[in-house]
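Number of protein chains: 4
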Amino acid sequence: MIKEGDTVQLTDGKNSFFLKVKKGEIFGTHRGNIKHDEIITAGYGGEVKTHKGHPFMILRPTLHDIIMFGIKRKTQIIYPKDSSYITLKLGLTDGMKVLESGVGSGALTIVMANAVKPSGKIYSYEKEEKYIKNAYSNIKLAGLEKYVEIKHHSLDQPLPENFFDAAFIDVREPWLYIDNIKKSLKKGSPIGFLVPTTNQVSNTLQALKENNFINLEVVELLERHYKPVPDRLRPEDRMVAHTGYLIFGRNG
Amino acid sequence: MIKEGDTVQLTDGKNSFFLKVKKGEIFGTHRGNIKHDEIITAGYGGEVKTHKGHPFMILRPTLHDIIMFGIKRKTQIIYPKDSSYITLKLGLTDGMKVLESGVGSGALTIVMANAVKPSGKIYSYEKEEKYIKNAYSNIKLAGLEKYVEIKHHSLDQPLPENFFDAAFIDVREPWLYIDNIKKSLKKGSPIGFLVPTTNQVSNTLQALKENNFINLEVVELLERHYKPVPDRLRPEDRMVAHTGYLIFGRNG
Amino acid sequence: MIKEGDTVQLTDGKNSFFLKVKKGEIFGTHRGNIKHDEIITAGYGGEVKTHKGHPFMILRPTLHDIIMFGIKRKTQIIYPKDSSYITLKLGLTDGMKVLESGVGSGALTIVMANAVKPSGKIYSYEKEEKYIKNAYSNIKLAGLEKYVEIKHHSLDQPLPENFFDAAFIDVREPWLYIDNIKKSLKKGSPIGFLVPTTNQVSNTLQALKENNFINLEVVELLERHYKPVPDRLRPEDRMVAHTGYLIFGRNG
Amino acid sequence: MIKEGDTVQLTDGKNSFFLKVKKGEIFGTHRGNIKHDEIITAGYGGEVKTHKGHPFMILRPTLHDIIMFGIKRKTQIIYPKDSSYITLKLGLTDGMKVLESGVGSGALTIVMANAVKPSGKIYSYEKEEKYIKNAYSNIKLAGLEKYVEIKHHSLDQPLPENFFDAAFIDVREPWLYIDNIKKSLKKGSPIGFLVPTTNQVSNTLQALKENNFINLEVVELLERHYKPVPDRLRPEDRMVAHTGYLIFGRNG
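Protein chains in written order, with numbering that gives the first Met the number 0: chain C, 0 to 251; chain Y, 0 to 251; chain A, 0 to 251; chain H, 0 to 251.
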């Protein structure tokens, strides 16, 4: 059942649109206009037609689809293959308080917020004010704004909170802030990082060792898609070769 | 804060143990005995000593660690790299009702239950009765038994429930049951499969097409670990080369 | 020392040209004209200037560079990562007679011819006459035409030669021709195949088993490039995800 | 036709043996003895029986099989996926003179010698005298000793030869010797390196840049094997995740 405020996905097989439903409003597509009221009436799995008669199927969007096709990107995002794995490695579950920095376009924030809701929260520190508005807008599209607090704050300053059950850091030089972060992270809690270069991995590992973090791990995930043709099954010609190296540890 | 009934992880850097805490009980290790009461007193991030003086750190276990090191395997399990991605691709969130078959050792069930709690539930149909007890025991270790119902049921029979928001199928010949599953899955809802061979991928894709499933995708994830040594950073010598192919679609 | 008829590579760091040197001739580039005689005088590692003063370094081209940047492609080619491995798996060495089909653009032919020269030869059967002229031209660019014979011939006809020490088959439905090929391949000799889909792999394996080929293997090679920056070392963003599956066996 | 001195492979499907054939000699296996004369009579693709009646098929060994199963390893070797690619990237062909250091167990030496024969030669400088005898023995097994010269020499000393058309360096700290190597390598000639860690890649790239090498590339090759079963085709469970990073450039 679709309620006012829900985000729905409209698809005609070629194009997908993501919108928050509001009674009385109209959504415009290149194939004609659609009344929000008709979307609510048709429900998930139902069909609506534009005023020109073009049909769209109504889907309940997955977080994967919202992140890959719905949100507006102002930065490089953390991809679902990585964000889903991060969530499991950090042990995120209902009720946890999580430090994130920076928020970027909010792609990881969305996945982590979904994992700690309804009683947990993501505290995301972003030093670039220009990204914050867009990130909030993306998080709202995913309907998760109640579980996220974004603060304009740089990691080189003492953190305003110090009760964190887990942390994920996606900044250019994480090794500069490890001792600062450590003060806000509960003892024994998991921490993760994403960095694109091997030099950053080395520097981050070094700082983690010096600050007595334990259970250090470095891992990368590769995602390979296949053409879904039963009698000519084969991998796609090209793939993303690299998003970043993931580093994990615990505050020992 | 550790409460009675919580699952905690004890680690001395070499060995990890997972136990549910109960006042008055004693946990035996090869390095000596530990009183549960002392674990509760020390709390997460704290330290306890065995009666022989050997120290263990107390950690709040991540789902990743429970699945990889805590649960008892009676079947091949679905690994975290796959189960976390599956959860995102199926769009699992608080409140959803999910069909799973079979339950196996419950590794995927745990990850999915964590994603739909507190108000959703996983309904897991398992045709091999012998696996069910162990799976329940594993799910209890993760503290998620309230969000899982396991039924001894084969997919070749009509399903007892028909209200599913999503489904994940991990059986040998999924293509035999697609039309049966389709009847229980809400229109537009996501479905996923894991199969190890390319022949199974082809057969499953064929059956999905014949049953008008849409948005078909085939993907595999590769997980590569590195030795976490800052000045000699390099991949591990060997890796898991294959767990299975993932297939996704929607009930169109 | 550069001799008349040698293929040389001219590079200015941005563009590379491959040409066969002939006294008295002139080579035109977008940066001006170069006299072949000056190339011969300067020698490998030397520099020539165009009449407009733009400098080019003269390199002895590797087979890798000729294949990737020098030859004209009228078909999908077999890439160096695969062709070099094929050569080693087939055990190619000076003196061997090798069956190839089809010739395509000659990229694999060049690598195999280099491996069997000076006393061996590649016999390449191509059923599409339109590809032959271009393939010859490419093989000449590599200076290997003495070690290759291309015949306009389809594998569904008895082969004109029957003395082969090894074979490599790159056609759409290799399983149709296995018994025909077997008659021309010496007992115990290695054979290889490249096919893009898993269905083709299954069909080819089936036919090889039915024809008593032994030591069957299926392998794929993935090639991942890194940005060569010492202090920001990282994989390229994208890579070729698939060229083909390689199948190997011996005529048992 | 098998000649005295040829290396042949005997296989019974389970075990493979590699031996150099010599008239009048006898080869002992765990299944009984075989007369070399009978091997010569039977020829490649033929069968011989031990004095106990156990049959072996006689194969002409591929370089791949000699390297993987025939040679004695006293060091980590360079694997065929890498050595075949190296040969193509260095542009090795009949007549070239190639610098190698160190020789290790001779696995790469064998592949490179096969590529430059009959009129070229590999000059292999090895600073550890203890490896040289074994390397020679392995190269003889491959029948390539005429095309290889191994010298007990360290790269920190001026090289005794300075006429090299190509070079491949597999030592722990190659960046220490780049300027020394450069003096012996013809201008414009290709050079390659294999190193296992990312730190070594960075250091080597840095030294190559400082010494004006051009066309720098870093690449790794991954080799994934499949179970060759037509109706249950799937990757092997595990694979080699890392042998080393390959670095290539030209002496600019």
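Backbone N, C-alpha and C fix where the C-beta goes; we use that ideal spot for every residue, glycine too.
Asked                                                                                                                               : Found
Amino acids of chain A, ordered along the chain, whose beta-carbon sits closer than 8 Å to that of S201 (chain Y)                   : T197 and N198
Cut-off 6 Å between Cβ atoms - residues of its own chain near E216 (chain A), not counting five sequence neighbours on either side  : F247
Where G69 (chain Y) falls: helix, strand or coil (DSSP)                                                                             : helix
Among A:G90, A:G119 and A:Y130, the one whose alpha carbon lies nearest that of Q75 (chain A)                                       : A:Y130
Neighbour flag for V170 (chain Y) against chain H, beta carbons, 9 Å                                                                : no
Residue of Y:F162, Y:L207 and Y:A206 minimising C-alpha distance to G44 (chain C)                                                   : Y:F162
Residue burial classification, S118 (chain A) (beta-carbon count within 10 angstroms, cutoff 16)                                    : exposed
Pair within 9 Å by beta-carbon distance, N202 (chain A) and L232 (chain C)                                                          : no
Neighbour list for D81 (chain A) in chain C, Cβ cutoff strictly below 9 Å                                                           : None at all; the shortest Cβ gap to chain C is about 14 Å.
Cα-Cα separation between E99 (chain C) and K34 (chain C), rounded to whole angstroms                                                : 38 Å
Within-9 Å CB hit, T235 (chain C) to chain A                                                                                        : According to the sequence provided, residue 235 (chain C) is Glu. The question's Thr does not apply to it. Yes, E235 (chain C) lies at the interface with chain A (some Cβ there is under 9 Å from its Cβ).
Beta-carbon spacing of I138 (chain C), L154 (chain C) below 9 Å                                                                     : no
Assigned exposure category for T242 (chain A) - 16 Cβ within 10 Å defines buried                                                    : buried
Minimum length 3: unbroken beta strand (DSSP E) runs contained in the stretch 121 to 170 of chain Y                                 : 147 to 151 and 165 to 168
First and last residue of the uninterrupted beta strand (DSSP E) at V97 (chain C)                                                   : K96 to S100
Secondary structure of E46 (chain C), DSSP reduced to three states                                                                  : strand
K34 (chain A): first and last residue of the uninterrupted beta strand (DSSP E) it sits in                                          : G31 to K34
Inter-residue Cα distance where the pair is E24 (chain A) and Y244 (chain H)                                                        : 42 Å
Contact check, A166 (chain A) vs V97 (chain A), beta carbons under 9 Å                                                              : yes
Chain-order list of residues whose beta-carbon lies under 8 Å from that of K21 (chain H) (same chain, five-residue window excluded) : E3, G4 and H35
Cα-Cα separation, N214 (chain H) to I121 (chain H)                                                                                  : 24 Å
Terminal residues of the alpha helix (DSSP H) in which E219 (chain H) lies                                                          : Premise fails: E219 (chain H) lies in the beta strand (DSSP E), F212 to K226, not in any alpha helix (DSSP H).
Buried or exposed by the 16-neighbour rule on C-beta atoms within 10 Å, applied to P79 (chain A)                                    : buried
Among C:V228, C:E235, C:V239 and C:L204, nearest to P229 (chain Y) - alpha-carbon criterion                                         : C:L204
Buried or exposed by the 16-neighbour rule on C-beta atoms within 10 Å, applied to G94 (chain A)                                    : exposed
Buried/exposed call for D236 (chain C), threshold 16 Cβ in 10 Å                                                                     : exposed
Within-9 Å CB hit, E216 (chain A) to chain H                                                                                        : yes
Which of helix, strand or coil DSSP assigns to M111 (chain H)                                                                       : helix
Cβ pair Y146 (chain C), K116 (chain C) closer than 9 Å                                                                              : yes
Boundaries (first-last residue) of the alpha helix (DSSP H) holding T86 (chain C)                                                   : P79 to K88
Nonlocal neighbours in the same chain, by C-beta distance under 8 Å from L91 (chain A), ignoring five residues either side          : V97, M111, A114, V115, G119 and A165
With 16 other Cβ atoms within 10 Å as the buried cut-off, status of E127 (chain Y)                                                  : exposed
Residues that M67 (chain Y) contacts on chain H, provided the C-beta gap is smaller than 7 Å                                        : Simply none; closest approach about 16 Å.
Residue from H:K71, H:V200 and H:N210 whose Cα sits closest to the Cα of N179 (chain H)                                             : H:N210
Backbone secondary structure at T28 (chain C) - three-state DSSP                                                                    : strand
Best match in A:F16, A:S15, A:E46 and A:P195 for proximity to P173 (chain A) [C-alpha to C-alpha]                                   : A:P195
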